[in-house]
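2 protein chains.
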Amino acid sequence: MTTPELYADLTRRLSDMTAIEEALGILQWDQEIVMPKGAVAARGRQMSTLAAILHQNQSSPALGGLLRRLSESGDLDDIARANVREANRDHARAARIPEELVRRWTALTVHAHEVWVDARKAQEFSQFEPVLTELVGLARQRAAAIDSHRPVYDVLIDEFEVGMTMARLDGVFAELKATLVPLIARVRARLAQGGLADTAWLQSPVSPERQREVGESMVRAMAFDFDRGRLDTSVHPFCGGAGTDDVRITTRYKETAFLGSLSGMIHETGHALYEQGRDRQLGDQPVSRARSMGIHESQSLLWEKQVGQGAPFWRPHYVRLQAAYPFLAAVPFDNFVFGLNLVRLDNFIRVDADELTYPLHVILRYEIERDLFSGALAVADLPAAWNAKMVQYLGIEPPNAALGCLQDVHWSMGSFGYFPSYTLGAVYAAQFMQTARTALDVDGTLAAGDVQPLLGWLRERVHQQGSRYPTDELVTRATGRPLDTAPFCAYVTDKYTRLYGL
Amino acid sequence: MTTPELYADLTRRLSDMTAIEEALGILQWDQEIVMPKGAVAARGRQMSTLAAILHQNQSSPALGGLLRRLSESGDLDDIARANVREANRDHARAARIPEELVRRWTALTVHAHEVWVDARKAQEFSQFEPVLTELVGLARQRAAAIDSHRPVYDVLIDEFEVGMTMARLDGVFAELKATLVPLIARVRARLAQGGLADTAWLQSPVSPERQREVGESMVRAMAFDFDRGRLDTSVHPFCGGAGTDDVRITTRYKETAFLGSLSGMIHETGHALYEQGRDRQLGDQPVSRARSMGIHESQSLLWEKQVGQGAPFWRPHYVRLQAAYPFLAAVPFDNFVFGLNLVRLDNFIRVDADELTYPLHVILRYEIERDLFSGALAVADLPAAWNAKMVQYLGIEPPNAALGCLQDVHWSMGSFGYFPSYTLGAVYAAQFMQTARTALDVDGTLAAGDVQPLLGWLRERVHQQGSRYPTDELVTRATGRPLDTAPFCAYVTDKYTRLYGL
Numbered sequence: 005m006t007t008p009e010l011y012a013d014l015t016r017r018l019s020d021m022t023a024i025e026e027a028l029g030i031l032q033w034d035q036e037i038v039m040p041k042g043a044v045a046a047r048g049r050q051m052s053t054l055a056a057i058l059h060q061n062q063s064s065p066a067l068g069g070l071l072r073r074l075s076e077s078g079d080l081d082d083i084a085r086a087n088v089r090e091a092n093r094d095h096a097r098a099a100r101i102p103e104e105l106v107r108r109w110t111a112l113t114v115h116a117h118e119v120w121v122d123a124r125k126a127q128e129f130s131q132f133e134p135v136l137t138e139l140v141g142l143a144r145q146r147a148a149a150i151d152s153h154r155p156v157y158d159v160l161i162d163e164f165e166v167g168m169t170m171a172r173l174d175g176v177f178a179e180l181k182a183t184l185v186p187l188i189a190r191v192r193a194r195l196a197q198g199g200l201a202d203t204a205w206l207q208s209p210v211s212p213e214r215q216r217e218v219g220e221s222m223v224r225a226m227a228f229d230f231d232r233g234r235l236d237t238s239v240h241p242f243c244g245g246a247g248t249d250d251v252r253i254t255t256r257y258k259e260t261a262f263l264g265s266l267s268g269m270i271h272e273t274g275h276a277l278y279e280q281g282r283d284r285q286l287g288d289q290p291v292s293r294a295r296s297m298g299i300h301e302s303q304s305l306l307w308e309k310q311v312g313q314g315a316p317f318w319r320p321h322y323v324r325l326q327a328a329y330p331f332l333a334a335v336p337f338d339n340f341v342f343g344l345n346l347v348r349l350d351n352f353i354r355v356d357a358d359e360l361t362y363p364l365h366v367i368l369r370y371e372i373e374r375d376l377f378s379g380a381l382a383v384a385d386l387p388a389a390w391n392a393k394m395v396q397y398l399g400i401e402p403p404n405a406a407l408g409c410l411q412d413v414h415w416s417m418g419s420f421g422y423f424p425s426y427t428l429g430a431v432y433a434a435q436f437m438q439t440a441r442t443a444l445d446v447d448g449t450l451a452a453g454d455v456q457p458l459l460g461w462l463r464e465r466v467h468q469q470g471s472r473y474p475t476d477e478l479v480t481r482a483t484g485r486p487l488d489t490a491p492f493c494a495y496v497t498d499k500y501t502r503l504y505g506l
Numbered sequence: 005m006t007t008p009e010l011y012a013d014l015t016r017r018l019s020d021m022t023a024i025e026e027a028l029g030i031l032q033w034d035q036e037i038v039m040p041k042g043a044v045a046a047r048g049r050q051m052s053t054l055a056a057i058l059h060q061n062q063s064s065p066a067l068g069g070l071l072r073r074l075s076e077s078g079d080l081d082d083i084a085r086a087n088v089r090e091a092n093r094d095h096a097r098a099a100r101i102p103e104e105l106v107r108r109w110t111a112l113t114v115h116a117h118e119v120w121v122d123a124r125k126a127q128e129f130s131q132f133e134p135v136l137t138e139l140v141g142l143a144r145q146r147a148a149a150i151d152s153h154r155p156v157y158d159v160l161i162d163e164f165e166v167g168m169t170m171a172r173l174d175g176v177f178a179e180l181k182a183t184l185v186p187l188i189a190r191v192r193a194r195l196a197q198g199g200l201a202d203t204a205w206l207q208s209p210v211s212p213e214r215q216r217e218v219g220e221s222m223v224r225a226m227a228f229d230f231d232r233g234r235l236d237t238s239v240h241p242f243c244g245g246a247g248t249d250d251v252r253i254t255t256r257y258k259e260t261a262f263l264g265s266l267s268g269m270i271h272e273t274g275h276a277l278y279e280q281g282r283d284r285q286l287g288d289q290p291v292s293r294a295r296s297m298g299i300h301e302s303q304s305l306l307w308e309k310q311v312g313q314g315a316p317f318w319r320p321h322y323v324r325l326q327a328a329y330p331f332l333a334a335v336p337f338d339n340f341v342f343g344l345n346l347v348r349l350d351n352f353i354r355v356d357a358d359e360l361t362y363p364l365h366v367i368l369r370y371e372i373e374r375d376l377f378s379g380a381l382a383v384a385d386l387p388a389a390w391n392a393k394m395v396q397y398l399g400i401e402p403p404n405a406a407l408g409c410l411q412d413v414h415w416s417m418g419s420f421g422y423f424p425s426y427t428l429g430a431v432y433a434a435q436f437m438q439t440a441r442t443a444l445d446v447d448g449t450l451a452a453g454d455v456q457p458l459l460g461w462l463r464e465r466v467h468q469q470g471s472r473y474p475t476d477e478l479v480t481r482a483t484g485r486p487l488d489t490a491p492f493c494a495y496v497t498d499k500y501t502r503l504y505g506l
């Protein structure tokens with residue numbers, strides 16, 4: 005067969021695998037949003053069957069042979085080469101993980117999730133400890149199967165953020181800590197003085213119907229394409245669906261926290277704009293996929309924090325918002341913006357954390373995972389290590405494990421190495437935003453109610469690029485340099501110094 | 005491997021195939037109910053990929069070998085033997101149809117459906133004729149691949165109603181015609197005399213919201229399990245979902261035809277009760293599946309017509325119905341029951357037909373299909389044959405092809421041989437109902453608002469039996485004899501003689 009014939013065979017196989025992944029996306033969405041509760045067991049069977057078929061396809065020796073021949077061919081254009089590179093990575097990982105290990109992993113995580121739910125409810129880490137020990141052990145086996153020459157935790161991180169390593173994260177997180185810990189101390193001191201703007205209005209009750217109405221209008225204002233997506237309500241907000249033409253976001257509504265659902269919708273819309281902005285011609289090929297979890301999070305955080313917690317974005321919408329939420333009539337615009345950026349130093353929960361403390365929650369988890377897999381930390385000592393770091397970084401000690409090391413779902417799902425993506429996203433977002441500001445009048449266009457200039461810049465530099473380049477190259481092409489904490493550090497220092505009059 | 009080991013291998017494979025079918029069920033439901041319109045092409049890709057994987061699984065030589073060894077084993081119990089028989093049938097069909105033919109068939113039906121939509125809109129059979137000729141040709145090839153020793157049309161019927169043949173249908177339909185044609189003539193004569201109950205109230209407008217409310221209350225009254233199912237709105241009503249624990253029915257609402265959506269909901273609930281009543285322990289195995297399309301239709305029609313158009317079922321609900329639909333206050337209960345059973349002799353459309361004329365619409369289509377595949381009728385002569393039969397059976401001639409031979413979607417989907425199932429369902433329903441009446445006080449319990457005795461009888465005799473027995477054996481076990489038109493003929497003669505005072 006000629007190279008074009010081989011490549012056509014490859015893209016057909018990859019398209020099939022994407023179709024299975026997309027079907028899984030719909031089954032997942034359906035389960036969260038509309039599935040009758042009696043169908044849980046059947047849905048588990050449907051999803052594990054499709055996941056097994058996907059693994060068989062990805063690990064198939066025929067696919068491996070095809071990829072080898074294409075990797076050696078000199079006849080491919082840049083996009084085809086990138087597509088082969090991405091497919092090769094998926095295949096290599098899948099082929100190295102024995103089916104037996106895949107099955108044990110799936111069974112263990114399903115079980116562990118149930119144990120975690122109960123342990124968290126009982127606020128008892130000791131209930132979760134045995135299964136967490138098993139999970140850590142099996143994650144070690146998985147990592148060793150994938151690449152026995154590299155440190156276990158590097159292999160795990162790599163699943164979510166290709167090419168990222170502990171060596172690099174240690175440096176990045178040290179820089180963030182050096183900025184954030186003293187900055188938070190200054191905010192704390194300022195808070196102790198009192199006399200800051202009143203923010204009691206943040207807890208004014210708003211009906212879910214009204215929140216939905218206002219939220220949807222903001223999602224539309226951000227140019228989410230409702231012909232290629234949906235907005236629904238779920239217990240845990242997420243962005244899912246089935247590929248670039250079927251992007252589904254969800255939110256939840258709490259009556260006394262209207263800003264939470266609003267910023268949640270803006271966050272998920274950021275994810276959705278990335279998915280909807282992918283290259284549609286290559287939509288069924290790996291090369292069009294989102295680059296990494298960190299880059300995905302950069303898009304949600306860019307819109308939620310950099311844009312959605314700034315004055316320019318809200319200026320054209322505030323009169324409308326005041327009309328929808330009458331209690332805002334008494335809240336001056338500057339006070340509203342202060343409320344958007346409120347720092348809460350008594351908060352134990354990562355998902356409720358503000359922009360300033362969030363990275364410290366992530367760094368804490370990163371350090372614990374790193375030490376668990378290096379052997380420096382035993383699973384039994386995890387709660388003590390957690391609490392000590394909470395005191396060290398944030399000055400507060402969780403009163404129980406539910407507010408401490410049992411709060412996150414990730415470990416119960418075996419997602420070790422995922423947490424860093426959140427904060428890498430915040431750092432990338434600041435880099436993208438800083439560069440976008442040099443290319444266009446971001447604040448001016450947002451203040452005029454026009455998201456298209458900023459969205460267009462992101463479409464061209466990030467969304468349409470998909471996985472054409474490794475992460476560092478993508479970021480360098482977009483911003484002139486690879487991962488760099490300086491823009492984020494400058495952004496938070498400047499913003500919070502200003503807001504809190506430090 | 006021992007027989008139990010071989011059988012365990014088989015059930016695992018069959019469970020996987022069921023899981024793929026169920027995933028397809030969810031993708032189909034999603035497409036009809038919630039999918040954003042821009043996702044049509046992607047959904048086609050997802051569904052055709054899963055369908056191809058299913059075909060590969062069903063036709064796999066490994067499965068064939070397993071089935072051969074198990075078929076020859078004497079160690080299986082009755083249920084296992086029935087399961088092997090059903091699986092063997094699926095495998096044999098799939099293995100005989102070359103993948104190339106599967107692909108051509110799928111591509112042609114997708115294309116034909118588009119052509120049909122346009123031709124129907126234009127009321128021009130000549131636009132549809134070429135692609136219908138192709139479809140008939142490819143259906144011949146499919147049938148020959150499956151079984152070249154039997155008549156083409158018998159092989160096609162067999163896909164929907166296992167074991168049914170033209171020879172048998174000719175007899176059944178002759179019996180029905182002998183009863184229905186003169187009975188309809190007597191109704192026509194009575195209608196010409198005038199003076200029957202007023203039925204103008206049938207067109208009283210009711211809001212979709214109110215119709216939904218009333219309809220859902222009736223679905224609940226029929227013991228549909230909402231923990232294992234849903235009720236939604238769609239353009240074309242259907243019963244779908246993903247297996248016995250996830251049964252999803254839909255309806256549509258027309259403001260000036262409230263009875264249409266109400267009887268539609270009762271019809272789909274009849275299908276749903278069959279699915280929800282299947283053997284849950286064997287839910288992922290072919291042996292638990294609905295026996296055939298004819299038996300499925302018997303369950304929907306038993307509830308829609310035999311139960312839902314009778315006085316006993318409505319007696320305990322009529323006061324509530326009058327409260328919900330105030331215009332019914334002026335309609336005496338007997339008049340309401342007459343309206344439920346109104347015969348419309350000026351109707352050209354099968355899906356709008358009443359209980360008395362519906363079988364003649366089906367027989368007409370059956371005879372045309374039979375003659376198309378025997379070669380007695382050319383595709384080009386189809387409209388003339390259709391219109392001649394309409395005059396012969398119903399005394400009316402369609403003014404155009406949209407009201408004639410272009411009205412149904414079935415041929416555009418290549419579903420030749422499906423139509424007889426509708427009327428077989430009506431015949432089976434009458435048989436089941438006649439026997440149920442000898443076992444329990446059907447009218448008395450329904451009039452007391454209790455569906456459980458009748459439902460329990462159906463559960464035990466039909467639903468839980470699934471595909472354990474061939475259709476004739478199932479029906480004989482339930483009613484003492486195989487397919488028999490006498491109960492249906494007696495039922496319609498008695499009922500319409502009474503209602504119309506013939």
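Taken in order, these protein sequences are the chains called S and R. At the far end of the first sequence sits residue 506, using my numbering, and the numbering has no gaps. At the far end of the second sequence sits residue 506, using my numbering, and the numbering has no gaps. Virtual Cβ for every residue (Gly too), placed ideally from N, Cα, C. Computed from a prediction, not measured in an experiment: that's the story for all the values here.
By DSSP, does residue i sit in helix, in strand, or in coil?
{"i": "S/R295", "result": "coil"}
{"i": "R/I188", "result": "helix"}
{"i": "S/V383", "result": "helix"}
{"i": "R/C409", "result": "coil"}
{"i": "S/G399", "result": "coil"}
Using a Cβ-Cβ distance cut-off of 8 Å, determine whether residue i contacts chain S.
{"i": "R/F230", "result": "yes"}
{"i": "R/L386", "result": "no"}
{"i": "R/D34", "result": "yes"}
{"i": "R/I24", "result": "yes"}
Give me the Cβ distance between residue i and residue j, rounded to the nearest whole Å; I'm assuming they're in contact under 8 Å.
{"i": "R/R295", "j": "R/T475", "result": "6 Å"}
{"i": "R/Q435", "j": "R/D488", "result": "6 Å"}
{"i": "S/V135", "j": "S/H115", "result": "7 Å"}
{"i": "R/C493", "j": "R/T183", "result": "4 Å"}
{"i": "R/I367", "j": "R/K499", "result": "The Cβ separation is near 20 Å, so there is no contact."}
For residue i, decide whether its Cβ has a neighbour in chain R, counting only Cβ atoms nearer than 8 Å.
{"i": "S/K41", "result": "yes"}
{"i": "S/S19", "result": "yes"}
{"i": "S/L31", "result": "yes"}
{"i": "S/E103", "result": "no"}
{"i": "S/V156", "result": "no"}
{"i": "S/V38", "result": "yes"}
Could you work out which residue in the options is closest to residue i when comparing CA atoms only?
{"i": "S/E371", "options": "S/Y473, S/D151, S/R107, S/T169", "result": "S/T169"}
{"i": "S/R369", "options": "S/R154, S/Q280, S/I161, S/A12", "result": "S/I161"}
{"i": "S/V106", "options": "S/Q215, S/N92, S/W120, S/L54", "result": "S/L54"}
{"i": "R/D236", "options": "R/D249, R/A227, R/P212", "result": "R/P212"}
Pull out every residue of the segment 50-78 of chain R whose Cβ sits closer than 7 Å to any Cβ of chain S, in chain order.
Q50, T53, L54, I57
Could you name the residues of the segment 243-262 of chain S whose beta carbon sits closer than 7 Å to any beta carbon of chain R, in the order they occur along the chain?
A246, G247, D249, D250
Give, in chain order, every residue of the segment 105-134 of chain S whose Cβ lies closer than 7 Å to some Cβ of chain R.
none
Please identify, using Cβ separations under 9 Å, the residues of the segment 209-236 of chain S that lie next to chain R, in order along the chain.
D229, F230, D231, R232, G233, R234, D236
Looking at chain S, which residues of the segment 273-294 of chain R have a Cβ within less than 9 Å of any of its Cβ atoms?
G287, D288
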